[in-house]
Amino acid sequence: MPKASNNEFIRTFLKVLFGSLPLAELQRQWLECDQEAVAQDITKHGLAGLVYHQIRSRPEWNLSPHLAMALKQPAQMIALQTALYEREGIKITSRLEAEQIPYLVLKGFSLVEGLYPNSALRPISDLDIYIRRSDYARVRDILRGLGYQAQMTADFRGSLQDYQQIAETYCSEMQYSRNLGQFKINLDIHWGIDGLWEGSPLKALFPIEAYPWMSYTRRTRAGDWDFNALGWEMQFLHIVSHFALHHQFQGVKWFLDICLMLKTLGLELDWDLIRQMAGTPDFRKAIAVVLRMVEDETGLKPEGVPPWQSFWNGKAIPGEYAFYRRRLFSPVSKRGQYMAYMLLPLKHRDKGRVLGYYLFDPRAVPHWRVGSSQPGRRWWQPLYLLYRAGQEMAGRQKKQ
Numbered sequence: 359m360p361k362a363s364n365n366e367f368i369r370t371f372l373k374v375l376f377g378s379l380p381l382a383e384l385q386r387q388w389l390e391c392d393q394e395a396v397a398q399d400i401t402k403h404g405l406a407g408l409v410y411h412q413i414r415s416r417p418e419w420n421l422s423p424h425l426a427m428a429l430k431q432p433a434q435m436i437a438l439q440t441a442l443y444e445r446e447g448i449k450i451t452s453r454l455e456a457e458q459i460p461y462l463v464l465k466g467f468s469l470v471e472g473l474y475p476n477s478a479l480r481p482i483s484d485l486d487i488y489i490r491r492s493d494y495a496r497v498r499d500i501l502r503g504l505g506y507q508a509q510m511t512a513d514f515r516g517s518l519q520d521y522q523q524i525a526e527t528y529c530s531e532m533q534y535s536r537n538l539g540q541f542k543i544n545l546d547i548h549w550g551i552d553g554l555w556e557g558s559p560l561k562a563l564f565p566i567e568a569y570p571w572m573s574y575t576r577r578t579r580a581g582d583w584d585f586n587a588l589g590w591e592m593q594f595l596h597i598v599s600h601f602a603l604h605h606q607f608q609g610v611k612w613f614l615d616i617c618l619m620l621k622t623l624g625l626e627l628d629w630d631l632i633r634q635m636a637g638t639p640d641f642r643k644a645i646a647v648v649l650r651m652v653e654d655e656t657g658l659k660p661e662g663v664p665p666w667q668s669f670w671n672g673k674a675i676p677g678e679y680a681f682y683r684r685r686l687f688s689p690v691s692k693r694g695q696y697m698a699y700m701l702l703p704l705k706h707r708d709k710g711r712v713l714g715y716y717l718f719d720p721r722a723v724p725h726w727r728v729g730s731s732q733p734g735r736r737w738w739q740p741l742y743l744l745y746r747a748g749q750e751m752a753g754r755q756k757k758q
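Heads up: the sequence shown is residues 359 to 758, going by our numbering.
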């Protein structure tokens, strides 16, 4: 009998979790799959805490004590990291509130209350805090006083000072970190939401920066930490934009957040406000793709959530939606990123504009610099992108 694939087991877990498949199907696949590889993939996709919790709290699942043992240490690590991040979050936001600096905690911790049984089940890899650009210098000084140091991406070719100058000029966030013994606390300070490079045609198609994020907020809690977060409608818009634009529909962890939000709050969300705030047909298409993926991947049809067709008619390039769906379990990929960005716009003309941006606009590759920190020659850029794609393909083939 052929073994069930690791991804298929995780898909079945999601369908059982949301009630669209019977538990017996998950038990059957567990007996047929490569159990060690499945446990590793559950951890890789950030589900160790939640699956371990389900096994411990739902003995009727009867998936084998071996899976619980395999997931116990990763789940405990998630809980430990969460506790450390909560402690650091309390320090940082307490200082921001003392200095009367408006802020919002984004993503991970802001999704815990009401969606997860407890904050220790969702893996946290960093803290994300949104501020006004005008407050950045004050926030930077506060972080330095708390022992945080600026960081730069691994593939940047230059000094930390050069990276800070570029990031603070061209980008919408800055990375900081602090070591706590063997643990490293990562912190992203955002003064922008979309994460798109300046000059990208996607900025006009997805005008996320223009949304009144600071005007729709709520007070929430994660463990012992009380903080400011986005109101749930804006939270939905943000997590959809983050999943679609920043991760290009890649990542089960983000997808699960959306599923839980729709199941728990679908009836309470103001969908007229969401539709109004989305603004452009392109962003409404992104919402539709996510809603369609939720239905196809989990069988979930939450009460109160409008059908995905009410946001987009589904017309696309042949294979486009299938590409988005394959991205869910795909590894991080530059090729996948560029492909998703080119496919996302509704109109073929805009797809071509995005392609031209990545091929010829120096702002699309800000890490590619010459000695004077000026953009390199434009005619080299397509060759550079082909080199990056070829390098990625060669690396994958070598691993296989």
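Where a beta carbon is used, it is the ideal one built from N, C-alpha and C, also for glycine.
Asked, Found
"When the Cα atoms are used, what is the spatial distance from Leu614 to Leu743?", "32 angstroms"
"Output the distance between the C-alpha atoms of Arg727 and Phe514, rounded to the nearest integer angstrom.", "Confidence at Arg727 is low in this model, with a pLDDT of 44, below 50, so its placement is unreliable and the value that follows should be read with caution. Taking the straight line joining both Cα atoms gives about 9 angstroms."
"Ala587 by DSSP, collapsed to three states: which one?", "strand"
"With H, G and I counted as helix, E and B as strand and the rest as coil, what does DSSP make of Leu370?", "The sequence given here places Thr at residue 370; Leu does not occur at that position. Here Thr370 sits in helix by DSSP."
"Any idea what DSSP makes of Ser363, helix, strand or coil?", "coil"
"Indicate the three-state DSSP secondary structure (helix, strand or coil) for Met510 in the structure shown.", "coil"
"What's the call for Ile540, buried or exposed, on a 16-neighbour Cβ count within 10 Å?", "The sequence as given places Gln at residue 540; Ile does not occur at that position. Looking at its Cβ environment, which holds fewer than 16 other Cβ atoms inside 10 Å, Gln540 is exposed."
"Can you give me the C-alpha to C-alpha distance between His725 and Gln398, rounded to a whole angstrom?", "Confidence is the limiting factor: at His725 the pLDDT is only 46, short of 50, which leaves the residue's position unreliable and the question unanswerable from this model."
"According to DSSP, what are the bridge partners of Gln533?", "Asp546"
"Does the segment 542 to 553 come close enough to the segment 607 to 623 that 3 or more CB-CB pairs lie under 8 angstroms?", "no"
"Does the segment 422 to 430 come close enough to the segment 439 to 458 that 3 or more CB-CB pairs lie under 8 angstroms?", "no"
"Applying the criterion that 16 or more other CB atoms from any shown protein chain within 10 Å of the CB defines a buried residue, is Lys542 buried or exposed?", "exposed"
"I'd like to know whether the C-beta atoms of Gly581 and Ser688 end up nearer to each other than 8 angstroms.", "no"
"Where does Phe687 fall in DSSP's three states?", "coil"
"Would you report the Cα separation of Gln606 and Arg386, rounded to the nearest angstrom?", "32 angstroms"
"Taking C-alpha atoms, which residue in Pro559, Ile489, Gly662, Pro565 lies nearest to Met532?", "Ile489"
"With C-beta atoms as the reference, is Phe681 less than 8 angstroms away from Ala646?", "no"
"By how many angstroms is the C-alpha of Ile551 removed from the C-alpha of Tyr569?", "9 angstroms"
"For Leu469, I'd like the list of residues in its chain whose CB is within less than 6 angstroms of its CB, leaving aside the five on either flank, ordered along the chain.", "Asp615"
"If I follow the unbroken alpha helix (DSSP H) through Ala646, where does it start and stop?", "639 to 656"
"Which value, in whole angstroms, describes the spacing of the CA atoms of Thr578 and Leu588?", "9 angstroms"
"Using a beta-carbon distance below 8 angstroms, is His424 in contact with chain B?", "Protein chain content of the structure displayed is limited to a single chain, and chain B is not contained in it."
"Using DSSP bridges, identify the partner residues of Asp486.", "Asp546"
"Between which residues of its own chain and Ser730 is the CB-CB distance below 8 angstroms, once the five residues before and five after are set aside?", "Residue confidence for Ser730 is low, a pLDDT of 42 falling below 50, so the modelled location carries little weight; the figure read from the coordinates is stated next. None."
"To the nearest angstrom, how far is the alpha carbon of Gly637 from that of Ser492?", "26 angstroms"
"If contact is defined by three or more beta carbon pairs under 8 angstroms, each pair taking one atom from either stretch, is the segment 625 to 632 in contact with the segment 657 to 675?", "yes"
"Under the assumption that Leu701 contacts Lys709 (Cβ atoms under 8 angstroms), give the Cβ distance between them as a whole number of angstroms.", "7 angstroms"
"From the DSSP output, read off the bridge partner residues of Val497.", "Paired residue(s): none; Val497 is not in a bridge."
"Classify Gln732 as helix, strand or coil using the three-state DSSP reduction.", "Annotation note: pLDDT 48 at Gln732 (below 50); position unreliable, coordinate value reported separately. Coil, per DSSP."
"Whole angstroms is fine: what's the gap from Ala644's alpha carbon to Glu394's?", "35 angstroms"
"Can you name, in chain order, every residue of its own chain whose Cβ lies under 7 angstroms from the Cβ of His411, other than the five neighbours on each side?", "Pro475, Leu479"
"Within its chain, find whatever has a CB closer than 6 angstroms to the CB of Pro639; leave out the 5 residues flanking it on each side and keep chain order.", "Leu704"
"Output the boundary residues of the alpha helix (DSSP H) element that contains Arg633.", "629 to 636"
"Does Trp726 come out as helix, strand or coil in the three-state DSSP assignment?", "Model confidence at Trp726 stands at a pLDDT of 40, short of 50, so the residue's coordinates are unreliable and nothing is read from them."
"In three-state terms, what does DSSP make of Ala456?", "helix"
"For the segment 457 to 465 against the segment 424 to 442, do three or more pairs of beta-carbon atoms, one drawn from each stretch, fall closer than 8 angstroms, so that the two count as touching?", "no"
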